[in-house]
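A.B. asks:
Residue numbers (our numbering): 2 to 393.
#1: Apart from the five residues just before and just after residue 268, which ones in its own chain have a Cβ nearer than 6 Å to its Cβ?
#2: Would you kindly report the start and end of the unbroken beta strand (DSSP E) that includes residue 319?
#3: Taking 7 Å as the cut-off, is the beta-carbon of residue 61 closer than that to any non-hydrogen atom of the ligand FMN?
#4: Quick one: using the 10 Å Cβ neighbour count with 16 as the cut-off for buried, is residue 47 buried or exposed?
#5: Out of curiosity, what's the CA-to-CA distance linking residue 113 and residue 226?
#6: Span of the beta strand (DSSP E) holding residue 379?
#7: For residue 255, which residues does DSSP report across the bridge?
#8: List the endpoints of the continuous beta strand (DSSP E) containing residue 366.
#9: Could you give the distance in angstroms between the alpha-carbon of residue 66 and the alpha-carbon of residue 150?
#10: Here's the rule I'm using: 16 or more other beta-carbon atoms within 10 Å means buried, otherwise exposed. How should residue 382 be labelled?
#11: Report the partner residues of residue 54 according to the DSSP bridge assignment.
#12: With DSSP as the reference, please indicate the residues paired to residue 296 in a beta bridge.
#13: Leaving out five residues on either side along the sequence, give the residues of the same chain with a beta carbon under 7 Å from the beta carbon of residue 339.
#14: So, are the CB atoms of residue 231 and residue 289 less than 8 Å apart?
#15: Considering only their Cβ atoms, is the gap separating residue 328 from residue 352 smaller than 8 Å?
#16: Leaving out five residues before and five after residue 18 in sequence, what residues of the same chain have Cβ atoms less than 7 Å from its Cβ?
#17: What number of angstroms, rounded off, separates the C-alpha of residue 390 from the C-alpha of residue 344?
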């Protein structure tokens, strides 16, 4: 009888433990013993297998209850992150493309600390004669660089600068804003400028004369000789409203002599743009270089009142308004050989206009109308189809 009763008790025990819903109270759950070798059938407390997948919802988690150490590396994937406000290309919900058209009305001088902003890093050195930069002498700036390499480059920015007498300047970048002169080679002697970039940007001066980026010579008529080699002159200027002022890339003043070899003069953005102007009483030689001018109203590659010799060069002038002139000779002498000359844009396009001048073009490729009111000589010239081009 006792054996039968014991068997009956054992048989009904599991059903009795289950009981009706709500009979298992918190105080009936034993704390987990946190030892190994446990599963949902062994040990005490609630184990992971007791929990249905997804049973623990966000509402059941206390704020800040999940720490960094709790998350496995890489557990939070990109798909789980809302990128709004986190993307480097967005700002306050706006994408960078929406901000691209934003503009401001300040000139550079109005921005406090603009020079420090322009430097950006110790690898950008600023040379300024007034002491506002890192150095007052380009040579000192170059001497301070001791660890430059292809993988560790430096930029030396020289503010509007003058080379006097027998001076030399090389391997620097000069910047001119508005009506400033970027480089002035002046004084008696022979100056050498090599591997230099001169940039001119901004809006130039109202009713004042337009800027000249590079000036060779001075108002005191001192004999200046300048050798420019591997020099780049870049000008992209904005003319003031209603302006009809001429702007110039390189200008020589009497009695200067200049030699440009392997140079690149590109002038754009003005109403009246001239790449090179050789003044009265000056001598200029241009070898293996490019002279290009683009103006909204008038464009000239070379304006010559002095003696100008050009060999193995590319000369171009382009405008869609009044006229583009590769050579505009005003009382000067111009000799061009083995070069390419292109007058592009609006008509009339003229290779040369010679008022009391002497212009010779030989063995060159010529695009545009060739006209002359002075002495004009053409020999062995051709167009882009290799058809002969003659003077008119």
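For each residue, glycine too, the CB sits at the ideal point set by N, CA and C.
The structure displayed is predicted, hence computed values, not measured ones.
C.D. replies: Taking the definition as stated:
#1: 236, 250, 274, 276 and 294
#2: 315-320
#3: No copy of the ligand FMN occurs in the structure displayed, which carries no ligand at all.
#4: exposed
#5: Any reading at residue 113 must be qualified, since the residue scores a pLDDT of 44, below 50, and its modelled position is unreliable; no value is offered.
#6: 376-380
#7: In the DSSP output, where bridge partners are listed per residue, residue 255 has none listed.
#8: 366-368
#9: 52 Å
#10: buried
#11: According to DSSP, residue 54 bridges with nothing at all.
#12: 271
#13: 312, 313, 364 and 365
#14: no
#15: yes
#16: Its pLDDT being 47, under 50, residue 18 is placed unreliably in this model, and the value from its coordinates should be taken loosely. Cβ neighbours of residue 18 beyond the five flanking positions: none.
#17: 14 Å
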